[in-house]
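Asker: Quick one: this structure, given as structure tokens, is what I'll be asking you about.
In the numbering used here, the protein residues as written are 23 to 126.
Right, dumping it as structure tokens:
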């Protein structure tokens, strides 16, 4: 019986630590302005569009680990400008990531 209680406490502490990590990650993402350099034509239109995989790679370069499936782009990003991307971190935690799409 005591071993079960110890195990429950370990699980609770691990869940609490993960929740704290996700809350810190949410604050970090919300405070960040991610610059996204892209190739553009003369009229400012992008060759292609900004994807969640592209954003996940840029975040990984900043040592912020977010899976592309956690990122949600409301509509395709095909022009230069500033956008907000929602990030679902799980455990009912969400963050808003501000991105700025700029020409290379």
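By construction, the Cβ of each residue, glycine as well, lies at the ideal position given by its N, Cα and C atoms.
Determine the burial state of residue 119: buried for a count of at least 16 other Cβ atoms within 10 Å of its Cβ, exposed for fewer.
Answerer: When all chains shown are included, residue 119 counts as buried.
Asker: Whether or not the segment 58-77 and the segment 100-107 are in contact is what I'm after, with contact meaning three or more pairs of Cβ atoms, one per stretch, closer than 8 Å; do they touch?
Answerer: yes
Asker: Would you identify the three-state DSSP class for residue 88, choosing helix, strand or coil?
Answerer: Residue 88 falls in the coil class under three-state DSSP.
Asker: Check for me: the alpha helix (DSSP H) holding residue 42 runs from which residue to which?
Answerer: 24-53
Asker: Please tell me whether, using a cut-off of 7 Å, the distance from the CB of residue 71 to the nearest non-hydrogen atom of the ligand MN is below it.
Answerer: Although the ligand MN was asked about, the structure shown includes no ligands whatsoever.
Asker: Taking residue 116 as part of the alpha helix (DSSP H), name the residues at either end of that continuous run.
Answerer: Taken as a continuous stretch (DSSP letters only), residue 116 belongs to no alpha helix (DSSP H), being part of the beta strand (DSSP E) at 115-125.
Asker: If you run the structure through DSSP and keep just helix, strand and coil, what is residue 133?
Answerer: This structure gives no information on residue 133, because the portion of the chain shown stretches from 23 to 126.
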